[in-house]
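Here is the structure we will look at, set down as structure tokens.
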Amino acid sequence: MNQLDPIGKSGSSCATQVGTARAVPESGLHVAVIGSGGAAMAAALKAVEQGARVTLVERGTIGGTCVNTGCVPSKIMIRAAHTAHLRRQSPLDEGISANSPLIERSKLVAQQQARVDELRLAKYERIIESHPAIAVLRGDARFEDSQHLVVRMNDGGERRVSFDRCLVATGARPSIPPIRGLQDTP
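Anchor point for the sequence shown: position 24 equals 6 in this note's numbering, and the numbering is continuous, going up by one each time.
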């Protein structure tokens, strides 16, 4: 294992997503949060509100599944499909002729990504940047013991994180019951 660069009780901080290092005071409770989706952010903000320092560990894109690949982007495409459907079939609008819309998928995807980027910036990245008591580490976390994480950094190396409390908020996957054929059913 590489020599670990401690973070946490030593007061050192990591670079935020935009690359600016911040000093976090040593005093008070230190909470490590693994994940950066809605639950992780809510917990981090509540901890900071109560006077804690927070180290947020995220291996992927800040914001978790909902804003990046789940709820938000899917709703944008569902709305576009619904709008196309209404333009094609107008059963309750006598006197309005229905037209088959020209669907330009590349433009829909670009619009979808722009909205996702806008929401991630507004709801996650700017909020993190505005709270100096929240430090972000980009990498994979594992527990070393009951008070320490080791984070394998995305850009190489490892960081050791000391904490008083830790929240694992990495999301979930559905459990598929062991019913023959269910796993292969679309």
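From the three backbone atoms N, C-alpha and C, an ideal C-beta is built for every residue, glycine too.
Only a predicted model underlies this, so the values are computations on that prediction, with no experimental measurement involved.
Spatial neighbours of Arg69 in its own chain (CB-CB distance under 8 Å, excluding positions within 5 residues in sequence) are listed in chain order as Ala80, Asn81, Ser82, Pro83. With contacts defined by Cβ atoms closer than 8 Å, Val36 and Val98 do not form a contacting pair. Straight through space, the alpha carbons of Gly19 and Asp166 are spaced by roughly 29 Å. Arg120 is a Cβ neighbour of Asn136, given a cutoff of 8 Å. For His64, the three-state secondary structure derived from DSSP is helix.
Just so you know, the alpha carbons of Val150 and Ala96 end up roughly 29 Å apart.
As summarised for the region 34 to 103, the continuous beta strand (DSSP E) elements at least 3 residues long and confined to that stretch are 35 to 40, given in chain order. For Ala123, the enclosing beta strand (DSSP E) begins and ends at 116 to 127. Within its own chain, the residues whose Cβ lies closer than 7 Å to the Cβ of Ile158, once the five positions on either side in sequence are excluded, are Leu164, Gln165, listed in chain order. Annotated as distal: Val39 and Ala25, with beta-carbon spacing of 8 Å or more. Taking 3 residues as the shortest admissible run, the region 126 to 151 contains the following complete beta strand (DSSP E) segments, listed from N- to C-terminal end: 130 to 135, 140 to 144, 147 to 150.
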